[in-house]
Each structure stands twice: as structure tokens, then as C-alpha cells.
Amino acid sequence: MRYLGLVLSISLFFFSNNSYALESKSFTLENGLQTILVRESKAPVVITQVWYRVGAADEVDGKTGLAHMLEHMMFQGTKKLAPSQFSKIVARNGGDDNASTAHDYTNYWIKLSSDRLELALELEADRMQNLRLQEVEFRSENLVVQEERRSRIENKPEAKFFEKFRKTAYGDHPYGRPVIGLMDDVKNHSLEGLQDWYKSHYAPDKAVLVVVGDIDFDHAQKLVEKHFSYLKHSQSLPRKPLPKIPPRKEAVRLDVQDDRATLPQYYAGFWVPTFMMADADEAFALELLSAILGGDASSRIYRKLVVEDKLAISAGSGYSGLSRGGELFTLSAVPGSGVKLDQVEKALFEQVEKLITQPISERELQRAKNGLITGHLFAQDSVDRIAWLIGRMSSNNSDWKLLVEEYPARVQKVTSQEIKKVAKRYLQVKSAVIGTFHP
Amino acid sequence: MTRNFRLLFVVLALFFLGVNPALTMAAWSPDVSRFNGPGGMKVYHVESHANPLVVVKLLVRGGAGYDPKDKAGVANLVAWMFNEGGGDLDSAAFQEKLNYYGISLSGSAGRDAMTISMSTLSTHLDVAWAMMMDALLRPKFAKSDFDRAVAEQIAELKQAREKPGALASDALNRKIFGNHPYGQPAKGSLKSIAAITVDDLIKYHDEVFRLPTMVLAVAGDISLKKLKKLTTDSFTKINHLPSSLRPIPFAFTKKRNHIQHIELNIPQTTISLGGVGINRHDPDYYALVVMNQILGGGGFSSRLTKEIREKRGLTYGVYSYFSPLAAQGPFVISMQTKTASVAESKKLIFDELKRMANEDVGSEELADVKRYLTGSFPLNLDGLGKLAGTWGVIGFYDRGLDYLEKWPQRIRSVSKKDIRRVARRILDIKRLHIVTVGRTS
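Protein chains in written order, with my numbering: chain A, 2 to 440; chain B, 12 to 452.
In C-alpha cells, the structure reads:
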């Protein structure tokens, strides 16, 4: 069924207005655990992903990095399992595992041979409610996280700049905090703080379970029920909504000089909506806007700034559309030698202006659409990616089908008028956050 | 933020070796066909109609190991420019057409091989194939595009100077290999790049893209019949004559090791140790795969991770890896830790190296690692890119068609004695070079 659907959408590649379907099954256990199963049998593998609806955005000032610290501790033992055994058991069974934390979510995955699905489910169910937080492991893992912060941020001038840029862009909004946490906060995490966090946010009704791979639905559902249905519904309140980001009345600028920096860099960010917000139409238009403006070597910004005018060594735009409370659409450039940062700024905004005022050709629009749709179809080649999109959307209570099955048809529908409209609405100098970084 | 990094190059290195762990019960891998194309080129085909996609990998002897002396970076620039025009289309028109059809086409220069990667929807396979052939047979190499490529490479090299990991691996590589071709920086230096001209690229392209050492691996929605026709019709036009590139000479271990410190004002020091490892045909290959996995392989179960990360919290990540190339590639151990913990960390690494060489590994430890290596086999073959990449490497290094099938048995037959032998050979502390990048104190 899936194959036929895909072929159909391809044969109509340039004009299609259709969609395809994955073989999927969704259900919710009585304790509130939302589960999505997808059968994808081209290889005898399976991935399980557990998405908790909690992340760095749910932290408070002074305790930044708590969500991420707990993510580390989730591998450090349960009532049944000795510390650090989790990954060893997975490895002994030929599997890989890891986890990640972001502002919106905390995600855990295990990938292994599909005949070992039960092991993965058993391990995930166990640590959803039976985690045993202990001082010795916490002390050592806390040092690991401090080293992680040094590796990711403090050793890298560019990363330190981005941390400041984020703060400038979001101010006191939760998105302004670093996910890994500020160093002082990381050093001050306590076992009690982690215990509270775990109790309030880790429960079946606060998670989404996604299983993608070579599975049989009935069998997989029985296994999920067997291992997860004894877990208790949480006692805590539902997740708080994110505060609104107030519209910016004038541009904000951040300039960072760093002796360790080697190249000047320019960034302009604009707060925009995403696929997870009410109006997904705008998100589709924004994704195409980014593709046309600065998505690849044929895009307007790259052609003009890098190839034709040689103002920049690299230049482009960025938009992912995957964030609960909006995100920054970015324009960026590394100026060529002898070119000033304000020259690239002017050239970047000229391209925005041109896009709003002059026509987008049919060919250019279709090229951007084809690129997005092809990229989307290649993502279907990986069970990891399918599971990730489903979990990412579902953990925000958004319909995953929008970014999986309906995606090609929705991209095809976008008109150049809609693209101009979002460019005009969101990409204005007066509402930009501009960051410059240089030696 | 993730709990542990999975360094991209470690993953790539795995594929480069074809370290494809196999399933315990029965080795699973999709059927492969192999046939000879024009001029003796080897072709591998894995058919899968699960998705309407095709992935192509083309490998040929070349890459940074063959850069002319004093012109390190030529192979990398040839690879960079592979999609910058071909046939009747200049760079702009060529890129536009690729993007319009959603075709991805690019080159990359390894140490031993140039690899061309192409992926496309199967409906556009003919267009994609023709463009790949145009780039191979009639590349443009326009001066203005060359200048742009050089400018980008120079910027990248400058930026590498702020990255402790890049500084350490570059310095360590020079220590390990000295004047051997693997000792040159794969992307060149500011000085070597300045010496390169468009003519160097044109000459290199002509010399490298020859049929006798070519390996083509294709996976996805394409029949064997169709692949045979495409290959026969198009590759016939490629130069049949052998190139003048000879196999890379043996790399020998230096008599004594070198210690180097690069001062950088950062709170965390990168510690990298390394020496000459093994080549792709070394009988100790399987023993080294197992030994490396126990010592510092991927995941969270290695001895180095246990001692340095788990027990003491001294690092976010410590790992070891090796690259068995055409000649002896490097064996490397690397980690990052705060300035004050450098001495302690170095001692812990040395202790583990000595233990590996002087004591047998535990029976359970050995059994667990073998289970991981053999059991995770299908995880490394579960996509078209992984399949084409793996078969391309197997073909390039002349491993047999039964390579994947026999892999699990060969891993299982590694003994404790084999591991000690290979540890004594590779982990000789007196011969491992050490580079640190960070503050002295």
C-alpha cells in the first residue's frame, strides 16, 4: 500500500496534488500513553523512540540545564537495573541507543534487530517510572555534563556567540536559555531537583511512544500493553503553554568581537511561526521562501552574493519549522576578504526586497518544491527519520501526517503570492535581530 | 544536546572499513549482484523497490593520498568542483538542472579513493545518470568557479585554526606519517592551496577517472538489466587505460614517538594519541576490530569510557578508532578534558593501553563485544546509501562477494591471544605520538 502510494505521488511529481500513506496504527493506553506504530519492513530492524513532553523551555532561571541533566541520569540505573547497565544491555543485544534534549522535548531511542523489540520496550517502560537517582552516579555524570558544556560551548568562540545571539533574540522567553544550561547552574544541580523534575514530567500520559520498523502490529501492541500498562498516570498538572513572543518594534543588534575568532560572520534572525502552530500554511510558505532565497547553490542569495558579486564566501538562509513556540528564520553570510559586514547586510536585504516586489518564475518555484519533496522522500529511506518526525510532531500534539504523508501535496499547493506574503510580513529589517561576530 | 556524541568521522571510518557487524543468528543483507563493466570496472547492484529512489557510489583510485607533493588539496578541490558544470552546461545551468530534478551529485576525496555520490528519484534516473557522465567526461573547471572553490577552502582552513579537534588531528597525522602520502593534510594548507592552478585540477581529473580501478555500486529502484545497459552504454566512453597512479607505499612506524603541545587559550584540552595501524588486507584486521571495540569503540561500553567518563566524569567523550586503508592507516585515541585533568587522563589512557597488552580480556567482556559487533549488522545496512556505500568499499578494497556473509564468523573466531598480540603490536606506548591542544596550566 505504501509503495503504491509513493509511486503515484512520484509519477505526478511535477504536478502532483496527492498524498500517500504509511502503514501505521495509533492507540492510547488507559494510563494515557500515546503510541504510534509504523510498519516498514525493508530491513529487519526496529527503532523505538520515547518522547517526553518536557524540555529546557520548561525550566526556570537559575536551574537551566535540568532537563538535559536528567536525560543523562536516565541511563544510570533503576530499581531493577544497576547504574550504567542500560546501554550495555542494549549493546549486548546488537543495539545502539542514545537520547537528546531540546527546548521542547526530551527524546530517548533504541535501535536494534526487530526480533529484540520487546527488550527495548521493557527497558523504556522500566525507566519511565522506576528510575533510581543516586548521589555517586549523579556527581560523576554532573562532571560529564560540565565537560560537555566545555566541548560544545566554551571551547568554541562561534558557539559562545550563538548563545548570546539566542539570548538577544528571545530575551526572557524560555527559548533564550541554553539547553545545556549555564555553567553555574549546571554545577548547582541537585539530586532533589532532579527527583522533582522526574516525578513531575516522566509518566505515560506525558510521553509519546513511536515504534518504526519490521513489526507486526498485533504483536507489537501486545508488547506495548504488557510493559507499559502497569505504569501510573501522573499526578502533576498539564504542561504550561509558552509565553507569546511580543512583536519587535525595532531591530536589535549584537556585536561580538573575539580574539579567537578567525572569520567575520553575519546573522539576521526573524521570529516566524512553525508547522506546530495554528497556521501551517504559513510554515509551508516559509519553507519554500527559505529554499528560494538561500537553500542551495541555485538560490538567489548564493547566486548573487557568492557567485556574481563575490561579496561573500558563503551565504544562505535557514528555517526548520519544527518548534513549539516559533523560531528564528535566519539569513547569514561570511563576507569575502575586504568586504564589510554592512555591505553583506545590505546585499542580503536587497534580495528579500526583490523577492517581495518582483515575480518568482514558475521554474524557480517548481525547483524549490522539487527539492523539498525529493528531500522528504529520501528521508523515508530511514526508519530513524520517520520515527523522529512522527515523535517530534506528536509530542507537541500536532498531527504528524502533515509532515509525513501530506507533506508533498501541501508543498505543491503553495503559491508564489503566499511566499511573498510571508516574506513581507516577517522578513523586515525593523523586526530583525542582527548578530555580527568577528576577530 | 545529546548524551554522547557520535562523531561523524568515526561513523564514516566504520563504513570506510566496511566494519559491518553481522547478525548473530543469520547474517542478514540484501542480495547483491556483481558484474564487470567496460574496461574491467567492477559493478555491484542491490535491488530494492521499497522506495522510488536510486543511490549511486562510484569509487576510483585517487584521493588525497595521491595529491602532488607541495600541492596538497588538489583531490579535495577536484571533488568540490565535481558538480560545477559538465557537458554543455556551465556551473550555474548545471546546478540549476540538478536542483530542478532534485538530484544530488557530489564528489569527495578520501585518502585512497575519489568517491562520487549520486542520488535521485528513479523517475529521473536517466537525467541524473547523464549528468553524472557529463561531469565525468566533460567537466568545466571554469576559472571563476575554481576561484570560488579556493576562496571557500581557504576560509575553511582559517576557521579550522579555532577548532582544537581539527588542530590536534592535523598535527597528529603529520607526526604519525611524516613524509608518507597520508601525512599531508587532506584539504591542503594555506600555502599548498596557493600553489594550485586550474590546470592541476584538469590534469588530476584526467589521470584519476580511469576504468581499470573503478568500482560502481548502485542500490535501489533499478533492475539489473537497466543497470547493465546504462553502464555499458556510458562507461565505455571513459578512458580505458590504466592511470599512472601506483598503489600507496607502505607506512612504517617511527622508531621513537613525538610529543607536541599546541597552546590555545581555552578551558578544555584535546588529547590525541596515535600511531601507524594496519592496512586493509592485514590478517590482524578482525582482531583489531574486536580489540578496538573493547578499548574505545562506539557506544557506551568501552573500557576507556568506563574508566574516564563513567567512573570519574573526566570527559564527555573518549574513543579510539582505526582506518585500515590501502596502506597502513592511523590508529587514534582522542578525548577532551578540562586543563586541570590532563595529566590524570593521560595516565588513565596509558594504564588501559598497558592492561590491554599485558592481560587477557575477560571472557564475558569478549563475548559481549562479539555479540554487539555481530548483532548490530542489519543496523548498518538499513538504507540505500549505506548499502551502496558498503558495497563500493568492499569492491574498492577487493574483498570478496562473501565478505559480509563471512564477517560474523571471522569476528567470532577472534581469541584472547589474538587480542593481546594485536594490542602489543599497535598499542606500544613508546611509539604512540601525543598531541595536546589547550592551555599549559
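Just so you know, even glycine gets a beta-carbon here, dropped at the ideal spot from N, CA and C.
Please read all numbers here as calculations on a predicted model, not as lab measurements.
Between residue i and chain B, is there a C-beta pair that is closer than 8 Å?
| i | result |
| --- | --- |
| A:Asp97 | yes |
| A:Leu144 | yes |
| A:Pro409 | no |
| A:Gln381 | yes |
| A:Val384 | yes |
| A:Lys43 | yes |
| A:Ala92 | yes |
| A:Gly177 | no |
| A:Ala22 | no |
| A:Pro158 | yes |
I'd like to know whether the C-beta of residue i is nearer than 8 Å to at least one C-beta of chain A.
| i | result |
| --- | --- |
| B:Ser200 | no |
| B:Phe311 | yes |
| B:Thr35 | Its pLDDT being 37, under 50, B:Thr35 is placed unreliably in this model, and the value from its coordinates should be taken loosely. Yes, its Cβ sits closer than 8 Å to a Cβ of chain A. |
| B:Ser130 | yes |
| B:Gln195 | no |
| B:Gly400 | no |
| B:Ser59 | yes |
| B:Pro389 | yes |
| B:Leu336 | no |
| B:Ile277 | yes |
| B:Pro453 | Not covered by the structure: residue 453 of chain B. The range shown for chain B is 12 to 452. |
| B:Arg410 | no |
| B:Leu183 | no |
Helix, strand or coil for residue i? Go by DSSP, reduced to three states.
| i | result |
| --- | --- |
| B:Met52 | coil |
| B:Asp99 | coil |
| A:Phe28 | strand |
| A:Pro440 | coil |
| A:Val225 | helix |
| B:Lys349 | strand |
| A:Tyr231 | coil |
| B:Pro341 | strand |
| A:Ala208 | strand |
| A:Ala441 | Residue 441 of chain A lies beyond the residue range present for chain A, which begins at 2 and ends at 440; the question has no answer from this structure. |
| B:Gly373 | coil |
| B:Gly285 | strand |
| A:Trp455 | The structure shown does not extend to residue 455 of chain A, since chain A is modelled only from 2 through 440, so no value can be given for it. |
| B:Asn276 | coil |
| A:Ala433 | coil |
| A:Met278 | coil |
| A:Thr263 | coil |
| B:Tyr311 | A small fix is needed here, since residue 311 of chain B is Phe in this sequence, not Tyr. The answer is coil: DSSP assigns B:Phe311 none of H, G, I, E or B. |
| B:Thr35 | Confidence is the limiting factor: at B:Thr35 the pLDDT is only 37, short of 50, which leaves the residue's position unreliable and the question unanswerable from this model. |
| A:Gln196 | helix |
| A:Asp400 | coil |
Indicate whether residue i and residue j have their beta-carbon atoms separated by less than 8 Å.
| i | j | result |
| --- | --- | --- |
| A:Thr49 | A:Leu122 | yes |
| B:Leu336 | B:Asp123 | yes |
| A:Glu351 | B:Gly324 | no |
| B:Ala153 | B:Gly96 | yes |
| A:Asp105 | A:Ala58 | yes |
| A:Gly392 | A:Asn108 | yes |
| B:Gly109 | B:Asn94 | The identity of residue 109 of chain B in the sequence shown is Leu, whereas the question assumes Gly. Against a cut-off of 8 Å, the Cβ pair of B:Asn94 and B:Leu109 comes out as a contact. |
| B:Ala166 | B:Ala120 | no |
| B:Asp156 | B:Met92 | yes |
| A:Ser396 | A:Val209 | yes |
| A:Leu290 | A:Val423 | yes |
| B:Asn87 | B:Gly199 | yes |
| A:Leu264 | A:Val353 | no |
| A:His439 | A:Pro409 | no |
| B:Met142 | B:Gly74 | no |
Just to check, is the beta-carbon of residue i closer than 7 Å to a non-hydrogen atom of the ligand ADP?
| i | result |
| --- | --- |
| B:Leu315 | Ligands displayed in this structure: none; no statement on the ligand ADP is therefore possible. |
Quick one: is residue i near chain D, going by C-beta distance under 8 Å?
| i | result |
| --- | --- |
| A:Thr65 | Note that chain D does not occur in the displayed structure, where the protein chains are A and B. |
- Residue ranges of each beta strand (DSSP E) run of no fewer than 3 residues wholly in the region 390 to 451 of chain B, ordered along the chain? 444 to 449
- Message: To test your reading of the DSSP string, which unbroken beta strand (DSSP E) runs of 3 or more residues are found completely within the region 50 to 137 of chain A?
- Response: 97 to 102, 107 to 114
- Ranges of the beta strand (DSSP E) found wholly within the region 140 to 212 of chain B, counting only runs of at least 3: DSSP runs (the beta strand (DSSP E)) wholly in the region 140 to 212 of chain B: none.
- Residue ranges of each alpha helix (DSSP H) run of no fewer than 4 residues wholly in the region 207 to 270 of chain B, ordered along the chain? 209 to 219, 235 to 246
- For the region 297 to 309 of chain A against the region 228 to 241 of chain A, are there 3 or more C-beta pairs whose distance is under 8 Å? no
- Item | Stretch pair the region 276 to 292 of chain A + the region 415 to 430 of chain A: three plus CB contacts closer than 8 Å | yes
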